[in-house]
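Note that UniProt numbering has the sequence shown beginning at 1, numbered continuously upward. For glycine and all other residues, C-beta sits at the position ideal for the given N, C-alpha and C. Below you'll find the structure, written out as structure tokens, and then a few comments.
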Amino acid sequence: MSFTQFKPIKTRVQRSELAVPGTNPAMFEKALNSDVDFIFLDLEDAVAPNDKVQARENIIKALKELPWREKGKTMSVRINGLDTHWMYRDVVDVVEQAGEFLDTILIPKVGVPADVYMVEAMVAQIREGKGIANEIGLEALIETALGMANVEAIAAARNLEALHFGVADFAASRRSRTVVIGGLNPDYPGDQWHAAIDRMVTACRAYGLRAIDGPFGDFNSPEDYVHAAKRAAVLGCEGKWAIHPSQIALANDVFSPPPAEVDRARRIIKALAEAAAQGKGAASLDGRMIDAASERMAQNVVTVADAIAAKAPDDDPERGGGSIPAPSAEDTTQTEPALPVRPLRCVRRRERSRLARVRTRIPQRRKPWTFTNTRPRKSLPNSACRSRAAALPTAPSRPPTGPARSAAASGS
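Structure (structure tokens):
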């Protein structure tokens, strides 16, 4: 293990994440009584420009009046983009009036670490000014080419808990050809989102963040949703968006470790503990060799299973309760980490500043999605390029030097 490590910022059960438009209060009650783990009340894409103010008021009222925490929900608000005039009042009004009931703020279209820092500074000042004791985490949507190009530096930002993959806007930013939001294009031999999700997950794990996969647009195709969720889970994502209530149970099932997997993970940890007591660094279980790496993978499974079991009612197997094998009374080793982790939350200031340093070019004419954005160069068809080249004056030829110059002089 490296001497410098980042412990997980905060552990939350985030298997399913439901997007609820702020303009539809009737959906708030349905979301409250659903089996979803995480809810974000949306002020951005799902709200028309003329409805932004009313949606903000609806969300503040809902956060204050509905028993979200009693129902075990993690609550977030997706604010408008940093390039809009609504963002400022989104942060100020929501945090000032309902900050005690808010778990996180979801920042859209993050392109550089400074985007996260701006919201963090605003939230910190409001909390201090209003005396709000509740800690409010930040989550960032990686949904532009700029954000993905800087995803490692963004993941190193302070007070950030999770990164989300916004596949729709990411596809638009890259000019990718898509058939269904989050789905596969038959013209591509494989998963065209694999590289992007893999890079985001790696950045998340390096800096102790949660990695969440984004939406799947066709809610009438549960099979395709499950396939997309499983691909994300294999890469290391902890959950996936649900744009329709029918997708909640699918996400909860995919991102909950099966009981057999949890049972094997506990047996791996126990077998290695017994081997360590005998002075051995490896052991054999079910005919396979297991070692410290096996223990770390098993511990990940057990940690997720324990968090789900602690969240869900014991008598409700559909929501995770009762379906996770509990540790046996004689097994006291399964909750021990595989290797000691140094409690280092950050690296030296010089290293962090070097990590966060991003060279970008401020646009002059195009309105950006973030404070820092790159402006696409003007593209011209080949015929126009040839016409421009033909119109350029011909540069004078360079006079010959050396022997060639002597030959040219003698010929004249």
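> What residues are listed by DSSP as bridge partners for A271?
Replying inline: DSSP, once it has assigned bridges, lists no residue as partnering A271.
> With distances taken from CA atoms, which of A46, Q278, S173 is nearest F165?
Replying inline: S173
> According to the neighbour-count rule (16 or more other Cβ atoms, all chains shown, within 10 Å of its Cβ), is D213 buried or exposed?
Replying inline: buried
>> What does the alpha-carbon distance come out to for the pair G183 and G129?
In response: 45 Å
>> Buried or exposed for V13, going by 16 or more other Cβ atoms inside 10 Å?
In response: buried
>> Give me, in chain order, the residues of the same chain whose beta-carbon lies closer than 6 Å to that of L106; leave out the 5 immediate sequence neighbours on both sides.
In response: Counting only Cβ-Cβ distances below 6 Å, and skipping sequence neighbours, we find F40, S76, R78, E139.
> Considering only C-alpha positions, which residue in the set A233, R266, I268, A273 is nearest to V254?
Replying inline: A233
>> When you compare the segment 55-63 with the segment 96-110, are there three or more beta-carbon pairs, one atom per stretch, that lie closer than 8 Å?
In response: yes
>> Between which residues of its own chain and L18 is the CB-CB distance below 6 Å, once the five residues before and five after are set aside?
In response: A31, V36, I39, A242
> Using the C-alpha atoms, what's the distance from C204 back to A211?
Replying inline: 6 Å
>> Quick check on the DSSP output: what are the complete beta strand (DSSP E) runs of length 3 or more inside the segment 252-308, in order along the chain?
In response: 283-285, 288-290
>> Considering only their Cβ atoms, is the gap separating N252 from S16 smaller than 8 Å?
In response: yes
>> Does A48 come out as helix, strand or coil in the three-state DSSP assignment?
In response: Here DSSP, grouped into helix, strand and coil, assigns A48 to coil.
>> In the DSSP output, which residue or residues are listed as bridge partners for R78?
In response: D42, L106
> Can the beta-carbon of R56 be found closer than 8 Å to that of V91?
Replying inline: no
> Between A260 and L272, is the Cβ-Cβ spacing less than 8 Å?
Replying inline: no
>> Let me check one thing: in DSSP terms, what residues is A242 bridge-paired to?
In response: L18
> Is it right to say N220 is buried, meaning 16 or more other beta carbons lie within 10 angstroms of its own, or is it exposed?
Replying inline: exposed
>> With the cut-off set at 8 Å, would you say I197 and L235 are in Cβ contact?
In response: yes
> For P178, which residues of its own chain have a beta-carbon under 7 Å away from its beta-carbon, when the five flanking residues on both sides are left out?
Replying inline: A small fix is needed here, since residue 178 is Thr in this sequence, not Pro. Hits under 7 Å: A171, N185.
> If you run the structure through DSSP and keep just helix, strand and coil, what is F165?
Replying inline: strand
>> Between the alpha carbons of P245 and R127, how many angstroms are there, rounded?
In response: 33 Å
> Using the C-alpha atoms, what's the distance from T74 back to E143?
Replying inline: 22 Å
> Taking Cβ positions, are E120 and R89 nearer each other than 8 Å?
Replying inline: no
>> For T104, count the other beta carbons within 10 Å of its own beta carbon; 16 or more makes it buried, fewer makes it exposed. Which is it?
In response: buried
> What did DSSP end up calling D198 once you bin it into helix, strand or coil?
Replying inline: helix
>> Please state whether the Cβ-Cβ distance between E44 and G81 is less than 8 Å.
In response: With respect to the 8 Å criterion, E44 and G81 are classified as neighbours on the basis of their beta carbons.
>> Using the Cβ count rule (16 or more neighbours within 10 Å means buried), how would you classify M289?
In response: exposed
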